[in-house]
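Right, one structure below, let's go through it.
In the numbering used here, the protein residues as written are 442 to 600.
Set out below in structure tokens:
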């Protein structure tokens, strides 16, 4: 079966969509969709092709991700990375700059986030009066790693 734009979760239908954000990024979401509109757009036989789930769950995993967990739709998003072995000297230097004397703790923190996630990623609040410290670069770096499972909120988002 090819991947459908639509899902049935419980007794409700949803359409997968990418919502544009002010930042230029896109946020993956499920929009409630009427069964009748799916039939109008795709035809009645298309309903048989729609993936069906019993409900929602949220099981984070970056190493052995599964979308379907015992018949439930995992809302945590799959990461799309191509892993390459080798040196990561620039990343190491960047992390040493960010964590400074807490470099080892920083590596432990990132390792735990990657290998043993138990919930949606925590909220980070990076505060410094100084400019050019790497706060925004670090958040953007985390966004590259955790992709759709992370969002960067700016002051405007809280108003």
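All C-beta atoms in this analysis are idealised placements derived from N, C-alpha and C, irrespective of residue type, glycine included.
Buried versus exposed call for residue 479 [16 or more other C-beta atoms within 10 Å across all chains shown]: buried
On the criterion of 16 or more Cβ atoms from any shown chain inside 10 Å, does residue 529 qualify as buried, or is it exposed? exposed
Could you tell me the alpha carbon to alpha carbon distance between residue 561 and residue 524, rounded to whole angstroms? 23 Å
With a CB to CB cut of under 7 Å and the five nearest residues on each side skipped, what residues in its chain are close to residue 507? 515
Looking only at its chain, what residues have a beta carbon closer than 6 Å to the beta carbon of residue 501, apart from the 5 residues adjacent to it on each side? 517, 558
Below 8 Å on the Cβ atoms is my contact criterion, and I expect residue 477 with residue 538 to pass it. Report the Cβ-Cβ distance as a whole number of Å. About 56 Å; that fails the 8 Å criterion.
With DSSP as the reference, identify every bridge partner of residue 510, one or two as the case may be. 513
On the DSSP bridge assignment, give the partners of residue 589 in chain order. Its beta-bridge partners do not exist; DSSP assigns none.
Ends of the beta strand (DSSP E) at residue 527? From DSSP, residue 527 is part of no beta strand (DSSP E); its letter is neither H nor E.
Per the DSSP calculation, residue 497 is bridged to which residue(s)? 514
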